[in-house]
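Enquirer:
Residue numbers (this note's numbering), protein chains in the order written: chain E, 1 to 202; chain W, 1001 to 1246.
Listed below in structure tokens is the structure:
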């Protein structure tokens, strides 16, 4: 089952009245939606408020969601519209930057950092997450790495991965779980030992 | 070991590869297990990091706040709906009471009009309303027919040249008129019963019945009192009309 299909499964459960399933969708997409809204609102606290509003709107509109598009694509549009409305309501201009983007002396990475309205701490954390995940994947045994890459990057179902790796579906499930556990362990070490913000990921 | 199995299920559920029945049970567990919620959220973060998707870490308790906002959003329309229903019920009750009150008032007026009009009918067969002549009674003497006839509420008698009334007027039974109006009113109350409580309906019908009793008692009283006021046996129409209107 692809990521879209797994989202759709959660959506169907929400549509049947299981609100806990929506909680899982929020936990799953909160980081992406907050990041998306931050493009429009400078203040991270404002961005979270608008992201929250977007999730509430999406929940209310969920009975009309037919699954013609992926859930995240649909949620993405709601989040963008909510952010634009919030900007209009507050009579604020979208984030504008007075940077000379043609100045080749600045590295593109630096420009992108300055354009990002996220706090320096948030930026550091995001980067830390990416580095940790990538390093952890490199250190995984071959079978685990293949399984998690096929799942996360290729979006293959367990059955397809099993066929590809010539192993039972149960083995695929176990490999993916072990891969995630290994990465997550490293991630928690980084947060607990360094930035101490593991709880902020919940 | 059990925890490993639960976490393995969580990973499979994250990928949409867990059977629906197990999903339901695990969902309930996730709802009260912060550790599982954290894992679920980090699994999403791991996938996003692998795909180089832009992510920002939301502050602690973001999902809980969304959940609380959803509860608030669900409760608020429910309260609004409840308020609307109460308002609607109150309006309906007010409407029923107003209609019933109006009907009773009309019933009383109609009873008075019918009672007074019936006085114009004479036993001599000349009792058509148009033939009725207004008089002030023996004390006032004869008055031209059309001059002092303000309307059907004033009953009249024709007096002879010797001062004796040509005919005596007695009220006819008003039971037919009242019955028709009572029936209409009762029908009205029953027709609007969906907007009223059984107690309210009972009260309304009791009020109607007591009003009927009052009306029934008032009419005979007026007619019964007439002879006493008029020793000569002539019915004093003006007195009857004024007492009925009171």
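All C-beta atoms in this analysis are idealised placements derived from N, C-alpha and C, irrespective of residue type, glycine included.
Quick one: grab the DSSP three-state call for residue 108(E).
Expert: Mapped onto the first chain, residue 108(E) falls at position 108. Note that residue 108(E) scores 42 on pLDDT, short of 50, meaning its location in the model is unreliable; the coordinates nonetheless yield the value given after this. Helix.
Enquirer: By Cβ distance, which residues of its chain are closer than 8 Å to residue 1248(W), with the 5 residues on each side in sequence left out?
Expert: There is no way to answer for residue 1248(W), as the model of chain W reaches only from 1001 to 1246.
Enquirer: Can you tell me where the alpha helix (DSSP H) holding residue 17(E) begins and where it ends?
Expert: Your numbering for residue 17(E) matches position 17 in the first chain. Looking at the DSSP string, residue 17(E) is not in any alpha helix (DSSP H), and its letter there is neither H nor E.
Enquirer: Is the stretch 126 to 141 of chain E in contact with the stretch 153 to 165 of chain E, if contact means three or more CB pairs nearer than 8 Å?
Expert: Flag = no, the stretch 126 to 141 of chain E and the stretch 153 to 165 of chain E do not touch.
Enquirer: Since residue 85(E) is in the alpha helix (DSSP H), which residue starts that stretch and which ends it?
Expert: Your numbering for residue 85(E) matches position 85 in the first chain. Start and end: 71 to 89.
Enquirer: Expressed to the nearest angstrom, what Euclidean distance is found between the alpha-carbon atoms of residue 89(E) and residue 81(E)?
Expert: As a first step, residue 89(E) is located in the first chain; it is residue number 89 there, counting from the start. As a first step, residue 81(E) is located in the first chain; it is residue number 81 there, counting from the start. Going by the C-alpha atoms only, they are around 12 Å apart.
Enquirer: Judging by CA-CA distance, which residue of 182(E), 17(E), 66(E) and 32(E) is the nearest neighbour of residue 135(E)?
Expert: Here residue 135(E) is taken as the residue at index 135 of the first chain, counted from 1. Measuring from the Cα of residue 135(E), the nearest candidate turns out to be 182(E).
Enquirer: Can you tell me whether DSSP reads residue 122(E) as helix, strand or coil?
Expert: Within the first chain, numbered from 1, the residue matching residue 122(E) stands at position 122. The answer is helix: DSSP assigns residue 122(E) an H, G or I state.
Enquirer: Alpha carbon to alpha carbon, how far is residue 172(E) from residue 70(E)?
Expert: As a first step, residue 172(E) is located in the first chain; it is residue number 172 there, counting from the start. As a first step, residue 70(E) is located in the first chain; it is residue number 70 there, counting from the start. Those two C-alpha atoms are separated by around 25 Å.
Enquirer: Curious, which full-length alpha helix (DSSP H) runs of at least 4 residues does the stretch 19 to 59 of chain E contain?
Expert: Segments of the alpha helix (DSSP H) lying fully in the stretch 19 to 59 of chain E: 19 to 37.
Enquirer: Taking a Cβ distance cut-off of 9 Å, strictly less, list which residues of the stretch 148 to 165 of chain E are near chain W, in chain order.
Expert: Under the 9 Å Cβ criterion, the stretch 148 to 165 of chain E contributes 148, 149, 151, 152, 153, 157, 158 and 159.
Enquirer: Is there at least one Cβ from chain E nearer than 8 Å to residue 1070(W)'s Cβ?
Expert: To locate residue 1070(W), count along the second chain from 1; it is residue 70. Yes, contact with chain E.
Enquirer: Taking residue 48(E) as the query, report the chain W residues whose CB atoms sit under 7 Å from its CB, ordered along the chain.
Expert: To locate residue 48(E), count along the first chain from 1; it is residue 48. Correct list: 1058, 1059 and 1062.
Enquirer: Under 8 Å, Cβ to Cβ, is there at least one residue of chain W near residue 59(E)?
Expert: Against the first chain, residue 59(E) aligns to sequence position 59. At least one chain W Cβ lies under 8 Å of residue 59(E).
Enquirer: I need the straight-line Cα distance from residue 62(E) to residue 75(E), nearest angstrom please.
Expert: Walking along the first chain from the start, residue 62(E) turns up at place 62. Walking along the first chain from the start, residue 75(E) turns up at place 75. Spanning the two alpha carbons is a distance of roughly 10 Å.
Enquirer: Pull up the distance between the alpha-carbon of residue 1218(W) and that of residue 1202(W), whole angstroms please.
Expert: Residue 1218(W) sits at position 218 when you count from the first residue of the second chain. Residue 1202(W) sits at position 202 when you count from the first residue of the second chain. Confidence is the limiting factor: at residue 1218(W) the pLDDT is only 47, short of 50, which leaves the residue's position unreliable, though a coordinate-based value still follows. For residue 1218(W) and residue 1202(W), the distance between alpha carbons rounds to 24 Å.
Enquirer: Just verifying my parser: in three-state terms, what is the DSSP assignment at residue 1033(W)?
Expert: Here residue 1033(W) refers to the residue found at position 33 of the second chain. Correct three-state label for residue 1033(W): coil.
Enquirer: Quick one: give me the first and last residue of the alpha helix (DSSP H) that residue 165(E) is part of.
Expert: For the purposes of this step, residue 165(E) is taken as the residue at position 165 of the first chain. Residues 158 to 165.
Enquirer: On a CA-only basis, which of 7(E), 153(E) and 184(E) is nearest residue 67(E)? Give me that one, please.
Expert: Along the first chain, one-based indexing puts residue 67(E) at 67. Residue 7(E) is the option with its Cα nearest to residue 67(E).
Enquirer: With a cut-off of 8 Å, does the C-beta of residue 135(E) fall near any C-beta of chain W?
Expert: Along the first chain, read from residue 1 onward, the residue named residue 135(E) stands at position 135. Not one chain W Cβ lies under 8 Å of residue 135(E).
Enquirer: Residues of chain E with a CB under 8 Å from the CB of residue 1031(W): which are they?
Expert: Working through the second chain from its first residue, we reach residue 1031(W) at position 31. Correct list: 20 and 23.
Enquirer: Run the CB neighbour count on residue 1032(W), radius 10 Å, all protein chains shown included, and call it buried at 16 or more, exposed below.
Expert: What you label residue 1032(W) is simply residue 32 of the second chain in a count that begins at 1. The residue in question, residue 1032(W), is exposed, as its Cβ has fewer than 16 Cβ neighbours within 10 Å.
Enquirer: Grouping DSSP H, G and I as helix and E and B as strand, with all else coil, what is residue 154(E)?
Expert: In the first chain, residue 154(E) corresponds to position 154, counting from 1. It is coil, neither helix nor strand.
Enquirer: For residue 1249(W), which residues in chain E fall below 7 Å Cβ to Cβ?
Expert: Residue numbering for chain W in the displayed model covers 1001 to 1246; residue 1249(W) lies beyond these limits and cannot be assessed.
Enquirer: Taking 8 Å as the CB-CB cut-off, is residue 76(E) touching chain W?
Expert: Taking the first chain and counting its residues from 1, one reaches residue 76(E) at position 76. With 8 Å as the cut-off, residue 76(E) does not count as an interface residue toward chain W.
Enquirer: Give a yes or no on whether the minimum CB-CB distance between residue 122(E) and chain W is below 8 Å.
Expert: Here residue 122(E) is taken as the residue at index 122 of the first chain, counted from 1. So yes, residue 122(E) belongs to the interface.
Enquirer: Could you work out which residues of chain W lie near residue 35(E), taking near to mean beta carbons separated by less than 7 Å?
Expert: By 1-based counting over the first chain, the position of residue 35(E) is 35. Going along chain W in sequence order, the residues near residue 35(E) (Cβ under 7 Å) are 1054, 1055 and 1056.
Enquirer: Measure the CB-CB distance between residue 1058(W) and residue 30(E) and report whether it falls below 8 Å.
Expert: Walking along the second chain from the start, residue 1058(W) turns up at place 58. Walking along the first chain from the start, residue 30(E) turns up at place 30. Yes.
Enquirer: Taking residue 190(E) as the reference, give the member of 141(E), 152(E), 133(E) and 168(E) with the closest Cα.
Expert: As a position in the first chain, residue 190(E) is number 190, starting the count at 1. Of the listed residues, the one whose Cα sits closest to residue 190(E) is 133(E).
Enquirer: Buried or exposed: residue 101(E), going by 16 or more other Cβ atoms within 10 Å of its Cβ?
Expert: Against the first chain, residue 101(E) aligns to sequence position 101. In this prediction, residue 101(E) scores a pLDDT of 44, lower than 50, which makes its location untrustworthy; the coordinate-derived value is nonetheless stated afterwards. Counting Cβ neighbours within 10 Å, residue 101(E) comes out exposed, since fewer than 16 surround it.
Enquirer: So, at 7 Å on beta carbons, what are the nonlocal neighbours of residue 146(E) in its own chain, with the 5 sequence-adjacent residues on each side left out?
Expert: Here residue 146(E) corresponds to residue number 146 of the first chain, with the count starting at 1. Correct list, in chain order: 165.
Enquirer: Measuring alpha carbon to alpha carbon, tell me which residue in 34(E), 40(E) and 60(E) is nearest residue 52(E).
Expert: Locating residue 52(E) in the first chain gives position 52, where the first residue counts as 1. Residue 34(E) is the option with its Cα nearest to residue 52(E).
Enquirer: Check the Cβ of residue 83(E) against every Cβ in chain W and list those closer than 7 Å, keeping chain order.
Expert: Working through the first chain from its first residue, we reach residue 83(E) at position 83. Ordered by position in chain W, no residue passes the 7 Å Cβ test against residue 83(E), which lies about 13 Å from the chain.
Enquirer: Spell out whether any CB of chain W is found under 8 Å from the CB atom of residue 173(E).
Expert: Taking the first chain and counting its residues from 1, one reaches residue 173(E) at position 173. Output row for residue 173(E): interface = yes.
Enquirer: Quick test of your reading: residue 1006(W) and residue 1029(W), contact by CB under 8 Å. State the CB separation rounded to the nearest angstrom.
Expert: Within the second chain, residue 1006(W) is the residue found at index 6, counting from 1. Within the second chain, residue 1029(W) is the residue found at index 29, counting from 1. Rounded, the Cβ-Cβ distance is 7 Å, consistent with contact.
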